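K.L.:
Residue numbers (the working numbering): 23 to 286.
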C-alpha cells in the first residue's frame, strides 16, 4: 500500500466510511490554489453562489472542471490520490468521476447542509471515495462526517442547497435529512492543515461548518470510482448531469469521459 496509508486507515474507512489522510496533497498545494483561483475567475456552467439575499460572506462552488483547468488535471494525474483511493476502496483500478471546488470566504456563517453525495450521482457500487482537502488551515470551518452512515439501509433525501427543495419527485424512497447533532450521532471532524484530506464514501452523511474566521476556506474535492462502479438511473437529472453520456444501467462508466488513472 502507499506510504501514506496504513491498515488502520483502510479498516477505519471500511468501517466508518470516513478517515483522515494527512498530507495527501501536501506537494500540490500551490498548484491546487492556482487552479481554484482560475476556476473562480473563469467559472464553469455548474458554478453556483450558495447564499440567499442578506446572508453574509460568499459561498462559491463549482465542479467538473478538471478537463479545462490544467492545474486540476496535473494534481489528479500526479498526486498519490489515485493509489491511496485504491488502497482504501480495495480496488484494482481507479476512475476519475469529477472534481469539486468549494470556497467559503471570511464571515460566511452558512453551513453546508447535511447530505450524502451518492443520491445525486448516477453511480452504483460501494467502491468509491471522495477526498476533501482544505487549502487553508482549518480549525472550525471543517468538514463533518457521520461515521457508519454509508451503511444505512435507506439513503437520505437529496435537496437543492439554495432552494432547500427536494432534488427528485419521489421523496418517499428516501429518509428525511437528519439532524446529527440533535440526534447524538457519531460525527467525525478534524483540525486540518493545507493538503490534508478527509476520505469518505459517497454514502457517508456529511456537511461543513460555516466560516466565521478572518481567513478564507478553500477546499478541493476529488471524487474517484473503483472496480464495482456502474451507471444507474435516478428519478430525475443527476448532479453532475453529464448530458449526452449515452450510458445504460449496469454499464461501467465510459473511460473516454471517466478515465482510468490507476491500475494495479
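Here a beta-carbon is modelled for each residue, glycine too, at the ideal position from N, C-alpha and C.
It should be emphasised that the depicted structure is a prediction, and the values quoted were computed from it without experimental measurement.
Would the region 223–231 count as touching the region 159–171 if we require 3 or more Cβ pairs under 8 Å?
P.N.:
With the cut-off at 8 Å, the region 223–231 and the region 159–171 touch.
K.L.:
What is the C-beta distance between residue 109 and residue 27, in whole angstroms, given that I count them as a contact (C-beta under 8 Å)?
P.N.:
Position 87 of the chain shown, counting from 1, holds the residue named residue 109. Position 5 of the chain shown, counting from 1, holds the residue named residue 27. Right, their Cβ atoms sit about 5 Å apart.
K.L.:
For residue 135, which three-state DSSP category applies?
P.N.:
Within the chain shown, the letter at position 113 stands for residue 135. Correct three-state label for residue 135: strand.
K.L.:
Sort out for me which residues DSSP pairs residue 167 with in a bridge.
P.N.:
Numbered from its first residue, the chain shown carries residue 167 at position 145. According to DSSP, residue 167 bridges with 210, 228.
K.L.:
With DSSP run on the structure shown, which of helix, strand or coil describes residue 242?
P.N.:
In the chain shown, the residue the question calls residue 242 occupies position 220. Residue state, collapsed to three classes: strand.
K.L.:
Residue range of the alpha helix (DSSP H) that residue 92 falls in?
P.N.:
Translated into positions along the chain shown, residue 92 becomes position 70. Element bounds for residue 92: 92–100.
K.L.:
DSSP on residue 142, reduced to helix/strand/coil?
P.N.:
Start at 1 with the first residue of the chain shown, and residue 142 comes out as number 120. Three-state DSSP puts residue 142 in a helix.
K.L.:
May I ask you to verify whether the region 243–261 touches the region 144–154, counting CB pairs closer than 8 Å and requiring at least 3?
P.N.:
With the cut-off at 8 Å, the region 243–261 and the region 144–154 touch.
K.L.:
For residue 179, collect the residues of the same chain with a Cβ closer than 7 Å to its Cβ; drop the 5 residues on either side in sequence, then sort them by chain order.
P.N.:
Here residue 179 refers to the residue found at position 157 when the chain shown is read from its first residue. Correct list, in chain order: 188, 193, 196, 197, 198, 199.
K.L.:
Here's the rule: buried if 16 or more other CB atoms are within 10 angstroms of the residue's CB, otherwise exposed. What is residue 39?
P.N.:
The residue given as residue 39 occupies position 17 in the chain shown. With 16 or more Cβ atoms within 10 Å of its Cβ, residue 39 is classed as buried.
K.L.:
Taking C-alpha atoms, which residue in 58, 102, 79, 260 lies nearest to residue 293?
P.N.:
Past the boundaries of the shown model lies residue 293; the chain is included only from 23 to 286, so the question cannot be answered.
K.L.:
Across which residues does DSSP place residue 115 in a beta bridge pair?
P.N.:
The count along the chain shown starts at 1 and reaches residue 115 at position 93. Beta-bridge pairing links residue 115 to 285.
K.L.:
Alpha carbons only, please: which of 191, 283, 127 is nearest the one belonging to residue 62?
P.N.:
Along the chain shown, read from residue 1 onward, the residue named residue 62 stands at position 40. Closest option to residue 62, Cα to Cα, is 127.
K.L.:
Mind checking which residues open and close the alpha helix (DSSP H) that includes residue 38?
P.N.:
The sequence position of residue 38 within the chain shown is 16, counting from 1. Here the alpha helix (DSSP H) through residue 38 covers 29–38.
K.L.:
Kindly indicate which three-state DSSP category residue 72 falls into: helix, strand or coil?
P.N.:
One-based indexing of the chain shown puts residue 72 at position 50. Three-state DSSP puts residue 72 in coil, outside helix and strand.
K.L.:
Looking at residue 157 and residue 241, is the spacing between their C-beta atoms short of 9 Å?
P.N.:
Locating residue 241 in the chain shown gives position 219, where the first residue counts as 1. Locating residue 157 in the chain shown gives position 135, where the first residue counts as 1. Yes.
K.L.:
Using only alpha-carbon positions, find the residue among 191, 124, 34 that is nearest to residue 58.
P.N.:
Along the chain shown, read from residue 1 onward, the residue named residue 58 stands at position 36. Of 191, 124, 34, the residue nearest in Cα terms is 124.
K.L.:
Measure from the alpha carbon of residue 134 to the alpha carbon of each residue in 183, 171, 151, 263, then state which is nearest.
P.N.:
Position 112 of the chain shown, counted from the start, is the residue given in the question as residue 134. Nearest C-alpha to residue 134: 183.
K.L.:
Under 9 Å between the Cβ atoms of residue 139 and residue 239?
P.N.:
Here residue 139 refers to the residue found at position 117 of the chain shown. Here residue 239 refers to the residue found at position 217 of the chain shown. No, they are not a contact pair.
K.L.:
Report the residue from 65, 122, 82 whose alpha carbon sits nearest the alpha carbon of residue 72.
P.N.:
Translated into positions along the chain shown, residue 72 becomes position 50. When each option's Cα is compared against that of residue 72, the closest is 82.
K.L.:
Would you mind working out which of 252, 148, 219 sits nearest residue 49, comparing C-alpha positions?
P.N.:
Position 27 of the chain shown, counted from the start, is the residue given in the question as residue 49. Nearest C-alpha to residue 49: 219.
K.L.:
Beta-carbon separation of residue 234 and residue 130 under 9 Å?
P.N.:
By one-based count along the chain shown, residue 234 stands at place 212. By one-based count along the chain shown, residue 130 stands at place 108. Yes; because the gap between Cβ atoms is below 9 Å, this pair is in contact.
K.L.:
Would you mind stating whether residue 221 and residue 119 have Cβ atoms separated by less than 9 Å?
P.N.:
On the chain shown, residue 221 is found 199 positions in, with the first residue counted as 1. On the chain shown, residue 119 is found 97 positions in, with the first residue counted as 1. It is not a contact, given that the beta carbons lie outside the stated cut-off.
K.L.:
Does residue 187 come out as helix, strand or coil in the three-state DSSP assignment?
P.N.:
Mapped onto the chain shown, residue 187 falls at position 165. Coil, per DSSP.
K.L.:
In three-state terms, what does DSSP make of residue 172?
P.N.:
As a first step, residue 172 is located in the chain shown; it is residue number 150 there, counting from the start. Correct three-state label for residue 172: helix.
K.L.:
Taking residue 249 as the reference, give the member of 260, 280, 264, 78 with the closest Cα.
P.N.:
Numbered from 1 along the chain shown, position 227 holds the residue referred to as residue 249. Checked all of 260, 280, 264, 78; the closest Cα to residue 249 is 280.
K.L.:
By DSSP, does residue 62 sit in helix, in strand, or in coil?
P.N.:
Within the chain shown, numbered from 1, the residue matching residue 62 stands at position 40. In this structure, residue 62 counts as helix in the three-state DSSP scheme.
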